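Working notes for the structure below.
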Amino acid sequence: MTIANILIIVSISVGVLFSVVTALGLVRLPDVYTRTHAASKSSTLGVLAILTGTFIHFWIVEGIFNTQMIIAIAFLFITAPVGGHLIGRAAYISGIKVSEQTVRDDLGPAVQRKKKRFALSKKPADD
Amino acid sequence: MSTQILLNFFLAFIWMFMTVSFTPAGFAIGFLIGLGIIILMRRFFTGRLYLTRVWAVISLFVLFLKELILSSVQVLSIVLRPNMNIKPAIFEMETELQEDWEVTLLSALITLTPGTLVVGISDDQKRLYIHALDFEDVDKAVSSIKNTFERAILEVSRP
Chain A
1 MTIANILIIV SISVGVLFSV VTALGLVRLP DVYTRTHAAS KSSTLGVLAI LTGTFIHFWI
61 VEGIFNTQMI IAIAFLFITA PVGGHLIGRA AYISGIKVSE QTVRDDLGPA VQRKKKRFAL
121 SKKPADD
Chain B
1001 MSTQILLNFF LAFIWMFMTV SFTPAGFAIG FLIGLGIIIL MRRFFTGRLY LTRVWAVISL
1061 FVLFLKELIL SSVQVLSIVL RPNMNIKPAI FEMETELQED WEVTLLSALI TLTPGTLVVG
1121 ISDDQKRLYI HALDFEDVDK AVSSIKNTFE RAILEVSRP
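Protein chains in written order, with our numbering: chain A, 1 to 127; chain B, 1001 to 1159.
See below:
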C-alpha cells in the first residue's frame, strides 16, 4: 500500500510540476512557435502523469480498474501533436513573424516559392 | 503480417474446438500452440515473422517514452532558467519514409518530443520543416531524429 501511495504521489506531483512549467513557458517564451512547444507537449506529459496517478489510485486503493483513463491517455497522444502542428502551420502560413532570436528559417523560402507557384497557375491556394 | 495474426487466431479457435474448452485459458493455450506452428512454418510466408514486427513496435514505444521524458526535462530547464538564452530555428529535414502513415507517425513523434515541432511538410512528402526550441547545429538536429525515430519506424515497416 505504501509503495502504491508513493507511486501515486510521485506521478501526480510530476504532472502538476509539468503543468506549472507549461503555464510559465506560455508567459515567458518569446513568440507563438516557442509557446506552442510549451502548450502542446509539456502539458501532454503533465496530463498524462496526472491521469496515470489517478488510474493507479483507483486501481490499487479503491479497487476499481477504470480503463477509461487508458483510453484518455491514448486519445491525448493521438490529438495533441496534430493540434500543435496545425497551430504552428496556420500561424506560419498567415504570416506571423518568428522572434528575433531565431537563427535559421528554411520554411520561409519554401512558402514563398509555393505562393508564387499558385499565383502563376491561378489556382486557389489550398494550404 | 496480418495474415499471420489471423492464421494464429484461426489455429487457436481450431484448438478450442478440438479440446471443447471455450475458456480464455483454452484460447491462450491454442494461441501459443498456433504460434509454435507458425514459427515452424515460417519459410512458407513471404514476409517476416510477425513477432519481430510486434517487437519493433514495442521498442519504438519504449524509445518514444524515453525521448519524451528526457526532452521534457530539457524544456523544463530552459523555461526555469533566469535569463532565457534560446536560439529557435526552423530547419529542413529530408526523410526517406514513403508511406503516408509513416510520415504521419514520424511527424507526430517529432511533435510530441519537446524541443521540436513540425510546422510544415512539403507537397511531395520528402521534406519536413521542423521548428526547434534550442538550436545548435543542423546536422546534429537532423541526425538525432534520423537515428532514433526514423530508424525505428523503418524497422517497423520493413517488409
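A virtual CB, placed ideally from N, CA and C, is assigned to each residue, including glycine. Remember, predicted model here, so these are calculated numbers, not experimental data.
- Query: Under a three-way DSSP split, which group does Val20(A) fall into?
  - Reply: Within the first sequence, residue 20(A) is the residue found at index 20, counting from 1. Val20(A): helix per DSSP, three-state reduction.
- Same chain, Cβ closer than 7 Å to Ser19(A), five either side skipped, listed in chain order: As a first step, residue 19(A) must be located in the first sequence, where it is residue number 19. Listed in chain order, the non-local C-beta contacts of Ser19(A) below 7 Å within the same chain comprise Ser43 and Gly46, local neighbours out to five positions each way being set aside.
- Message: Suppose contacts are defined by Cβ-Cβ distances below 8 Å. Is Val1142(B) in contact with Leu1060(B) by that definition?
- Response: As a first step, residue 1142(B) is located in the second sequence; it is residue number 142 there, counting from the start. As a first step, residue 1060(B) is located in the second sequence; it is residue number 60 there, counting from the start. Not in contact: Val1142(B) and Leu1060(B) (Cβ atoms no closer than 8 Å).
- Item | Backbone CA spacing between Ala1132(B) and Phe77(A) [nearest angstrom] | As a working note, residue 1132(B) is residue 132 in the second sequence. As a working note, residue 77(A) is residue 77 in the first sequence. Going from the Cα of Ala1132(B) to the Cα of Phe77(A) covers about 20 Å.
- Message: On the criterion of 16 or more Cβ atoms from any shown chain inside 10 Å, does Ile1161(B) qualify as buried, or is it exposed?
- Response: Nothing can be reported for residue 1161(B): it is not among the residues displayed for chain B, which extend from 1001 to 1159.
- Item | Residue burial classification, Gln1004(B) (beta-carbon count within 10 angstroms, cutoff 16) | Sequence index remark: in the second sequence, residue 1004(B) carries index 4 (1-based). If you draw a 10 Å sphere on the C-beta of Gln1004(B), you find 16 or more other C-beta atoms in it, and that means buried.
- Query: Which bits of chain B does Ser42(A) rub up against, with CB to CB less than 9 Å?
  - Reply: Working through the first sequence from its first residue, we reach residue 42(A) at position 42. Result: Ser1072, Val1075, Leu1076, Val1079 and Pro1114.
- How big is the Cα-Cα spacing for Leu1035(B) and Leu1011(B)? Your numbering for residue 1035(B) matches position 35 in the second sequence. Your numbering for residue 1011(B) matches position 11 in the second sequence. So the alpha carbons of these two residues sit roughly 9 Å apart.
- Query: Would Val82(A) pass as a contact of Ile93(A) if the rule is Cβ separation under 8 Å?
  - Reply: Indexing the first sequence from 1 puts residue 82(A) at position 82. Indexing the first sequence from 1 puts residue 93(A) at position 93. 8 Å or more divides the Cβ of Val82(A) from the Cβ of Ile93(A).
- Item | Contact with chain A by Val1062(B), beta-carbon distance below 8 Å | As a working note, residue 1062(B) is residue 62 in the second sequence. False, the Cβ-Cβ gap to chain A never drops below 8 Å.
- Message: Please confirm whether Val1142(B) has its beta-carbon closer than 8 Å to some beta-carbon of chain A.
- Response: Taking the first residue of the second sequence as position 1, residue 1142(B) is located at position 142. Chain A contact via Cβ: absent.
- Message: With a threshold of 8 Å between beta-carbons, can Ser1107(B) be considered close to chain A, or not?
- Response: The residue you call residue 1107(B) lines up with position 107 of the second sequence. Yes - at least one Cβ of chain A is within 8 Å of the one on Ser1107(B).
- Query: Are three or more beta carbon pairs between the segment 1091-1101 of chain B and the segment 1112-1130 of chain B nearer than 8 Å?
  - Reply: Yes: the two stretches touch, three or more of their Cβ pairs being nearer than 8 Å.
- Query: Quick one: which chain B residues come within Cβ less than 8 Å of Leu132(A)?
  - Reply: Residue 132(A) falls outside the range modelled here, since chain A spans only 1 to 127, and no answer is possible.
- Task: Work out the CA separation of Ile1038(B) and Trp1015(B) for me, nearest whole Å.
- Result: Locating residue 1015(B) in the second sequence gives position 15, where the first residue counts as 1. Locating residue 1038(B) in the second sequence gives position 38, where the first residue counts as 1. If you draw a straight line from the Cα of Trp1015(B) to the Cα of Ile1038(B), it is about 14 Å long.
- Task: Under 7 Å Cβ to Cβ from Phe1031(B), same chain only, skipping five residues before and after it: list those, please.
- Result: Sequence index remark: in the second sequence, residue 1031(B) carries index 31 (1-based). So the list reads Asn1008 and Ala1012, once near-sequence residues are dropped.
- Under the three-state reduction of DSSP, which class applies to Glu1096(B): helix, strand or coil? For this step, residue 1096(B) is matched to residue 96 along the second sequence. Three-state DSSP puts Glu1096(B) in coil, outside helix and strand.
- Query: Grouping DSSP H, G and I as helix and E and B as strand, with all else coil, what is Val98(A)?
  - Reply: Residue 98(A) sits at position 98 when you count from the first residue of the first sequence. For Val98(A), the three-state secondary structure derived from DSSP is coil.
- Item | Strand pairing of Asp105(A), partner residues [DSSP] | Residue 105(A) sits at position 105 when you count from the first residue of the first sequence. According to DSSP, which records beta bridges pairwise, Asp105(A) is partnered with Ile1090(B).
- Do Ala119(A) and Val1079(B) have their C-beta atoms closer together than 8 Å? Locating residue 119(A) in the first sequence gives position 119, counting from the first residue. Locating residue 1079(B) in the second sequence gives position 79, counting from the first residue. No. Outside cutoff.
- Message: With a threshold of 8 Å between beta-carbons, can Val10(A) be considered close to chain B, or not?
- Response: As a position in the first sequence, residue 10(A) is number 10, starting the count at 1. Between Val10(A) and chain B, the shortest Cβ-Cβ separation is not below 8 Å.
- Partners in chain A for Val1118(B), counting only beta-carbon separations shorter than 9 Å: By 1-based counting over the second sequence, the position of residue 1118(B) is 118. What Val1118(B) touches in chain A: Pro81, Gly84, His85, Gly88 and Arg89.
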